[in-house]
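Enquirer:
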Amino acid sequence: MYNYGLILYASFVLVRLYCRFWLIRPFHSRPIFLRASQVLHFLEAAAFCGLIAGFFVLLPSVGIWKDIILAALLVGVDVVTRWLLLEVQIRRLMRGSEKWTREAARHHLCKRVAIIDY
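Just add 42 to the spot in the sequence shown (first one is 1) and you have the working numbering.
#1: Note down, in chain order, each residue of its chain lying with its Cβ closer than 6 Å to the Cβ of G96, except the 5 sequence neighbours on either side.
#2: Since I161 is in the alpha helix (DSSP H), which residue starts that stretch and which ends it?
#3: Between which two residues does the alpha helix (DSSP H) containing W64 stretch?
#4: Around the C-beta of Q80, are 16 or more other C-beta atoms found within 10 angstroms, so that it is buried, or is it exposed?
#5: Here's the rule I'm using: 16 or more other beta-carbon atoms within 10 Å means buried, otherwise exposed. How should R144 be labelled?
#6: For H149, which of helix, strand or coil comes out of DSSP?
#7: Taking Cβ to Cβ, would you say E86 is nearer than 8 Å to R58?
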């Protein structure tokens, strides 16, 4: 069961990275089956289900504290990759046109992705 838990954790990271990469891209540059944002949000929800399932699969074999720390690290990795991908896209927009300020590009991308603008 230990291996299944690690596979679920790895799938969480990979699916979330895949979804984040395509969510910040413009609609016309996405593959056909990913043009609707709902598909990507569904994949993200499935990834979180995998994270929860992986937590409970690993719980008996590694202990509660190690499992909590590992799950928190994975969520932290998700937050950092979201920030990095958003920064790359902001800089790409700013490099493409002089009209984009940092705040305007950030607001535009967060509105496109439907992320809370913090």
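Every residue gets a Cβ at the ideal spot worked out from N, C-alpha and C, and that includes glycine.
Treat the numbers as computed from the prediction; the structure is a model and nothing was measured.
Expert: Reading it off the structure:
#1: G47, L50 and Y51
#2: Nothing in the structure corresponds to residue 161, since the chain is present only between 43 and 160.
#3: Y44 to L65
#4: exposed
#5: exposed
#6: helix
#7: yes
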